[in-house]
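Single-structure report; data block below.
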Amino acid sequence: MIYVLNGPNLGRLGTREPEIYGSTSYADVVALCEKTAAKLGVEVEVKQTDAEFEMIGWLHRAADEGAHVALNPAAWTHYNIAIRDACAMLRGKLIEVHISNVHQREEFRHKSVISAVADGVIMGLGIDGYRLALEHLAQVGDRA
């Protein structure tokens with residue numbers, strides 16, 4: 409199982425700041441992940457939440473299962489130590505994904521508290537970053 413977990417405001421893709429995130433909807437992201445997983449022959453579960461406690465629960469579940477995670481922590485990227493600590497518990501691989509290039513945005517977005525515990529970071533490639541993360545995680549398989 410590979411979890412694709414998305415943080416706050418990502419459920420608003422398509423309407424939220426289209427000049428930054430484009431017109432692709434969150435449903436399009438889910439469809440891309442499911443299509444990619446089917447092509448790769450892996451199971452995927454795609455989720456989005458605006459609630460910190462829910463994200464932490466999902467990360468704990470992934471840790472307990474030894475599952476790989478592609479995580480777009482959204483705004484939590486820059487300050488959320490509880491999410492970072494839950495990510496540090498993962499036994500599978502963690503790929504941090506960002507639709508935009510955070511280094512081209514406001515300075516407060518340049519720092520990620522998640523990156524130090526991630527196995528890799530994909531940013532600035534739009535929703536294609538999710539496909540790339542899934543391809544990588546499927547390739548590493550059970551070699552966590």
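Under our numbering, the first residue of the sequence shown is numbered 409, with each subsequent residue one higher.
Where a beta carbon is used, it is the ideal one built from N, C-alpha and C, also for glycine.
Quick check on residue i: does DSSP put it in helix, strand or coil?
| i | result |
| --- | --- |
| VAL510 | helix |
| MET409 | coil |
| VAL477 | strand |
| VAL548 | helix |
| GLY422 | coil |
| LEU542 | helix |
| ALA459 | coil |
| LEU533 | coil |
| SER523 | helix |
Between which two residues does the alpha helix (DSSP H) holding residue i run?
| i | result |
| --- | --- |
| LYS443 | 434-448 |
| ASP493 | 489-496 |
For residue i, which beta-bridge partners are listed by DSSP?
| i | result |
| --- | --- |
| GLY528 | ILE503 |
| VAL454 | VAL412 |
Assuming residue i contacts residue j (C-beta within less than 8 Å), just tell me the rounded distance between them.
| i | j | result |
| --- | --- | --- |
| ILE503 | GLY465 | Their Cβ separation, rounded to whole angstroms, is 20 Å, which puts ILE503 and GLY465 out of contact at 8 Å. |
| ASN488 | GLU460 | 7 Å |
| VAL505 | LEU467 | About 14 Å separates the two Cβ atoms, so there is no contact after all. |
With distances taken from CA atoms, which of the options is nearest residue i?
| i | options | result |
| --- | --- | --- |
| GLY532 | VAL452, LEU545 and ALA482 | ALA482 |
| TRP484 | GLU453, LEU498 and LYS519 | LYS519 |
| GLY500 | PHE461, ASN509, ALA546 and ILE489 | ALA546 |
| GLU543 | TYR487, ALA445 and ARG424 | ALA445 |
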